[in-house]
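Chains as they are written, first to last, in the numbering used here: chain A, 1 to 318; chain B, 1 to 314. Report on the following structure.
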């Protein structure tokens with residue numbers, strides 16, 4: 001569709017120059033010369049470094065990088081740790097936490113975001129005030145979010161204490177200090193931070209739906225619930241996909257929040273793979289294992305992002 | 001799509017059902033507004049309380065005798081690690097890092113977007129795709145090689161310092177962070193400008209070319225004057241991201257005087273020596289949050305546009 005309109009955007013200015021002098025050839029190459037540094041930087045510092053990390057993961061690097069390939073020992077150890085449940089290995093804890101956190105974070109953000117967007121779309125007076133309130137946490141750093149929630153959830157001074165003072169003395173909420181529940185506090189803080197943004201994405205999607213479709217359905221006697229279930233939500237499918245990609249990639253990259261909110265939790269019980277990587281690489285002097293875990297994180301992202309980017313860039317060849 | 005109101009089912013009860021619906025909707029919206037505001041509110045009131053009031057009072061209560069002392073202490077006296085000179089130095093570290101990193105990455109993004117849309121060449125989409133994917137990688141996968149390279153450059157800087165008298169910024173943690181943020185930021189800035197310039201009329205560029213305008217003349221005279229909105233979006237996006245970064249900051253400037261604000265804040269809060277001064281911690285957190293919050297309040301519209309552009313391409 002859009003191919004026709006945009007494919008003739010080709011501006012190689014060869015027509016003005018019958019004989020290519022050095023100067024004019026330079027002129028022709030100028031756009032590429034301008035783009036080259038950025039591209040070179042990306043190739044070296046992104047792709048080159050990724051290869052470097054992969055290489056390191058096959059060595060026996062400890063405190064300092066070693067460049068002698070010693071095989072897949074780091075991966076074998078990670079694999080073995082995956083099944084070390086009693087007592088749980090740090091790697092087992094990290095990937096289990098990733099599962100819990102990723103699943104709940106994505107699900108709750110999507111559900112809450114959609115719910116709030118639908119509510120806000122009911123001709124609400126004061127929408128202009130509410131929307132920024134829902135969205136501002138996205139402007140904060142994970143560190144500030146972590147500090148704020150750490151304080152809010154502190155059993156001695158925060159929510160628990162407040163409810164005790166109000167007379168609900170049996171109320172007990174010490175998740176942030178409990179090794180089995182600490183990851184759920186990361187979910188709470190994470191949802192608090194990102195759900196407003198997902199709301200904004202859904203709201204933009206809702207505003208883009210043709211009002212005529214809605215009217216027609218209403219005339220046909222559809223109830224509000226049916227209208228949303230059968231018509232609106234299916235129309236929002238692309239938004240679901242984008243939101244999922246954003247959330248999945250935020251979830252896998254989450255690192256700061258765990259550090260600031262829980263300092264890793266009791267005995268490292270709040271670790272995500274990102275924390276595992278950092279600790280093993282920089283603190284426990286197990287560079288090869290750290291690199292291997294980074295490679296696994298990268299592969300997870302690749303599995304999610306590459307098909308998405310491929311379809312995005314291919315659908316609209318301009 | 002605008003409002004979808006429940007059709008009144010019964011002639012008699014219709015109005016009240018509708019009113020009830022409205023009450024429920026507004027109630028829910030207000031409840032969620034409280035949920036989002038609560039942590040900020042608690043942080044703010046705590047930062048104006050005395051320690052005495054914090055230990056004996058209610059977290060949600062307004063300060064009985066508001067005091068500005070925690071803020072002053074956080075800014076000028078609190079201990080970050082072993083240095084007790086407040087967080088002001090680290091606040092400036094962040095500024096010194098953010099401003100050049102944002103400007104350089106935005107300018108490069110604008111040029112890249114211009115080339116990728118108006119001077120297309122074979123393989124342009126592949127080049128863009130490779131740059132775009134770089135936005136999404138977990139930075140753990142480049143963290144260690146970058147640390148190695150920055151370490152070597154630092155040692156080279158020391159050699160230069162000894163022989164020539166200047167290290168040219170090599171080994172300076174702030175310069176390192178600017179470099180790192182430019183490298184891993186150009187993917188996003190290029191994306192923003194590419195999508196914006198895609199919609200920019202190519203005829204104008206063509207016409208200028210026929211008139212003999214050069215590559216840079218077209219960029220300066222035609223593209224730049226029409227790029228204000230996307231510049232605002234990109235600058236805000238980059239500013240927020242770089243200011244809020246913690247991973248790179250802790251890996252490459254995690255100790256010493258050059259650490260940025262986020263690392264310093266984390267150190268203040270997790271310092272285990274002496275009595276924990278919650279009010280000072282909260283004031284420090286507020287100071288760390290203020291620049292981005294301010295940007296959000298002043299230019300929220302552009303902030304949201306940036307987030308959207310980063311999420312939904314096209």
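Every residue gets a Cβ at the ideal spot worked out from N, C-alpha and C, and that includes glycine. Since the model is a prediction, treat every value here as computed from it, not as a measurement.
Taking residue i as the reference, which of the options has the closest Cα?
i, options, result
"residue 249/B", "66/B, 143/B, 68/B, 280/B", "143/B"
"residue 244/B", "202/B, 219/B, 214/B, 292/B", "292/B"
"residue 195/A", "23/A, 116/A, 85/A, 130/A", "116/A"
"residue 52/A", "149/B, 276/B, 216/B, 104/B", "149/B"
"residue 215/B", "27/A, 309/A, 314/A", "27/A"
"residue 239/B", "181/B, 270/B, 217/B", "181/B"
"residue 111/A", "68/A, 36/A, 271/A, 239/A", "239/A"
"residue 66/A", "288/A, 308/A, 296/A, 143/A", "288/A"
"residue 138/A", "201/A, 221/A, 125/A", "201/A"
"residue 210/A", "220/A, 231/A, 244/A, 123/A", "231/A"
"residue 278/B", "108/B, 78/B, 20/B, 19/B", "78/B"
"residue 199/B", "117/B, 242/B, 264/B, 284/B", "117/B"
"residue 125/A", "26/B, 252/B, 267/B", "26/B"
"residue 269/B", "258/B, 256/B, 257/B, 283/B", "283/B"
"residue 204/A", "208/B, 309/B, 227/B", "309/B"
"residue 233/B", "255/B, 155/B, 81/B, 195/B", "195/B"
"residue 175/B", "302/B, 258/B, 108/B", "258/B"
"residue 57/B", "60/A, 154/A, 176/A, 165/A", "165/A"
Determine, for residue i, whether the minimum Cβ-Cβ distance to residues of chain B falls below 9 Å.
i, result
"residue 293/A", "yes"
"residue 183/A", "no"
"residue 105/A", "no"
"residue 401/A", "Outside the displayed range of chain A (1 to 318) lies residue 401/A, so it cannot be described from this structure."
"residue 102/A", "no"
"residue 46/A", "yes"
"residue 200/A", "yes"
"residue 233/A", "no"
"residue 39/A", "yes"
"residue 303/A", "no"
"residue 147/A", "yes"
Short check: CB of residue i to CB of residue j, under 9 Å?
i, j, result
"residue 141/A", "residue 246/B", "yes"
"residue 58/A", "residue 251/A", "no"
"residue 185/A", "residue 261/A", "yes"
"residue 74/B", "residue 95/B", "no"
"residue 114/A", "residue 214/A", "no"
"residue 197/A", "residue 246/A", "yes"
"residue 91/A", "residue 276/A", "yes"
"residue 267/A", "residue 279/A", "no"
"residue 295/B", "residue 230/B", "no"
"residue 97/B", "residue 260/B", "yes"
"residue 189/A", "residue 42/B", "no"
"residue 219/B", "residue 111/B", "yes"
"residue 89/A", "residue 272/A", "no"
Since residue i is in the alpha helix (DSSP H), which residue starts that stretch and which ends it?
i, result
"residue 160/A", "159-165"
"residue 181/B", "173-183"
"residue 248/B", "247-253"
"residue 125/A", "Where residue 125/A is concerned, there is no enclosing alpha helix (DSSP H), given that its DSSP letter is neither H nor E."
"residue 86/B", "No alpha helix (DSSP H) holds residue 86/B; DSSP gives it neither H nor E."
"residue 220/A", "Per DSSP, residue 220/A belongs to no alpha helix (DSSP H) and is neither H nor E."
"residue 172/A", "Where residue 172/A is concerned, there is no enclosing alpha helix (DSSP H), given that its DSSP letter is neither H nor E."
Does the beta carbon of residue i sit closer than 9 Å to a beta carbon anywhere in chain A?
i, result
"residue 1/B", "Reliability of the predicted coordinates at residue 1/B is poor, the pLDDT of 43 falling under 50, and the value obtained from them is presented with this limitation in mind. For residue 1/B, the answer is yes, since a Cβ of chain A falls inside 9 Å of its Cβ."
"residue 211/B", "no"
"residue 144/B", "yes"
"residue 48/B", "no"
"residue 10/B", "Any reading at residue 10/B is ruled out, since the residue's pLDDT is 44, under 50, leaving its predicted position unreliable."
"residue 7/B", "Low confidence applies to residue 7/B: its pLDDT is 45, below 50, so where it sits in the model is not reliable, and the reading given next is rough at best. For residue 7/B, the answer is yes, since a Cβ of chain A falls inside 9 Å of its Cβ."
"residue 307/B", "yes"
"residue 108/B", "yes"
"residue 54/B", "yes"
"residue 71/B", "no"
"residue 223/B", "no"
"residue 43/B", "yes"
With 7 Å as the C-beta to C-beta threshold (strictly closer), list the residues of the stretch 151-168 of chain A near chain B in chain order.
-> 151, 152, 157, 158, 161, 162, 165
Interface residues of the stretch 122-145 of chain A facing chain B [CB-CB below 8 Å] = 122, 123, 124, 130, 132, 133, 134, 135, 136, 137, 138, 139, 140, 141, 142, 143, 144, 145
Give the residues from the stretch 242-273 of chain A that approach chain B closer than 7 Å (Cβ to any Cβ), ordered along the chain.
-> 242, 246, 249, 252, 253, 255, 256, 259, 260, 263
Taking a Cβ distance cut-off of 9 Å, strictly less, list which residues of the stretch 73-96 of chain B are near chain A, in chain order.
-> none
Members of the stretch 55-84 of chain A that neighbour chain B once the beta carbon cut-off is set at 7 Å | 56, 65
Members of the stretch 25-37 of chain A that neighbour chain B once the beta carbon cut-off is set at 8 Å | 27, 30, 31, 32, 34, 35, 37
Using a Cβ-Cβ cut-off of less than 7 Å, give me the residues of the stretch 17-30 of chain B that come near chain A, in sequence order.
-> 25, 28, 29
With 9 Å as the C-beta to C-beta threshold (strictly closer), list the residues of the stretch 185-198 of chain A near chain B in chain order.
-> 189, 192, 195, 196, 197
Name, going along the chain, the residues of the stretch 265-293 of chain B whose beta-carbon falls closer than 7 Å to a beta-carbon of chain A.
-> 265, 266, 269, 270, 278, 281, 282, 285, 288, 289, 292, 293
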